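Student:
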Amino acid sequence: MSRTTATAADALVIFGITGDLARKMTFRSLYRLEVADRLDCPIIGVAMDDWSEDHLRAMVLEAVTADQDVVDEVAFHRLAGRLSYLKGDFTDREHVAAVQVTLAEDFGVEDRGAFYDSVGALRDVVQNHLLQVLALVTMEAPVGPGHR
Numbered sequence: 001m002s003r004t005t006a007t008a009a010d011a012l013v014i015f016g017i018t019g020d021l022a023r024k025m026t027f028r029s030l031y032r033l034e035v036a037d038r039l040d041c042p043i044i045g046v047a048m049d050d051w052s053e054d055h056l057r058a059m060v061l062e063a064v065t066a067d068q069d070v071v072d073e074v075a076f077h078r079l080a081g082r083l084s085y086l087k088g089d090f091t092d093r094e095h096v097a098a099v100q101v102t103l104a105e106d107f108g109v110e111d112r113g114a115f116y117d118s119v120g121a122l123r124d125v126v127q128n129h130l131l132q133v134l135a136l137v138t139m140e141a142p143v144g145p146g147h148r
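Numbering (my numbering), first residue to last: 1 to 148.
Right under this line is the structure:
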């Protein structure tokens, strides 16, 4: 049996890098990956907030130190060196050449067989899930009061 090897990514792009989820989970996860020597690509944070790269790095350090008593400074500085920040909306046709939506499940359809017999996996997964994700990613921003 042949075994496929993972290829390195050109970059890891994180949209909404200035948000609560990034502060609560993403920064700590990136740090843990760096400590385990599992990161090997640049990390590009994208958001609408007017942050500098130094401010982003300070927020990462704050999130990491809130999570543990001792910070591996060498690993943190490696992570900080990978970070860059882009301000703006890069989801228009001038910036996006292609969108790929991948569904990868590591479980079977054993308990969903009766459902799929009547509905079908294509209709359930593609129509109800993947196309919804694609629509959310590609739709125009709302226009009106309270929206940007």
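Glycine residues also receive a C-beta, built at the ideal position from the N, C-alpha and C atoms.
Every value quoted in this text rests on a predicted model; they were computed, and no experiment measured them.
Quick one: is T65 buried, meaning 16 or more other Cβ sit within 10 Å of its Cβ, or exposed?
Tutor: So T65 counts as exposed.
Student: According to DSSP, is V101 helix, strand or coil?
Tutor: It is coil, neither helix nor strand.
Student: Tell me, to the nearest whole angstrom, how far the beta carbon of L30 is from that of I43; I am working on the premise that it is less than 8 Å.
Tutor: Correct: roughly 7 Å between the Cβ atoms.
Student: Between V46 and I17, how many whole angstroms is the CB-CB distance? I'm expecting something under 8 Å.
Tutor: Confirmed, Cβ separation roughly 6 Å.
Student: In this structure, does DSSP put A36 in helix, strand or coil?
Tutor: Here A36 sits in coil by DSSP.
Student: Could you pull out every residue in the same chain whose Cβ sits closer than 7 Å to the Cβ of L103, ignoring the five residues on either side in sequence?
Tutor: Excluding positions up to five away in sequence, the list reads V125 and L130.
Student: In the structure shown, what three-state DSSP assignment does V13 receive?
Tutor: V13: strand per DSSP, three-state reduction.
Student: How about R28 and A63: do their beta carbons lie closer than 8 Å?
Tutor: Closer than 8 Å, so yes.
Student: Between V99 and T138, how many whole angstroms is the CB-CB distance? I'm expecting something under 8 Å.
Tutor: Going by Cβ atoms, the distance from V99 to T138 rounds to 7 Å, so yes, they are a contact pair.
Student: Hey, how far is the Cα of V96 from the Cα of D49?
Tutor: Straight-line Cα distance between these residues: approximately 21 Å.
Student: Closer than 6 Å by C-beta to R23: which residues in its own chain qualify, once you throw out the five before and the five after it? Chain order, please.
Tutor: Excluding sequence neighbours, R23 sits near A63.
Student: For a test of the three-state rule: what should DSSP assign to S52, helix, strand or coil?
Tutor: Here S52 sits in coil by DSSP.
Student: Go ahead and pull the three-state DSSP assignment for V125.
Tutor: In this structure, V125 counts as helix in the three-state DSSP scheme.
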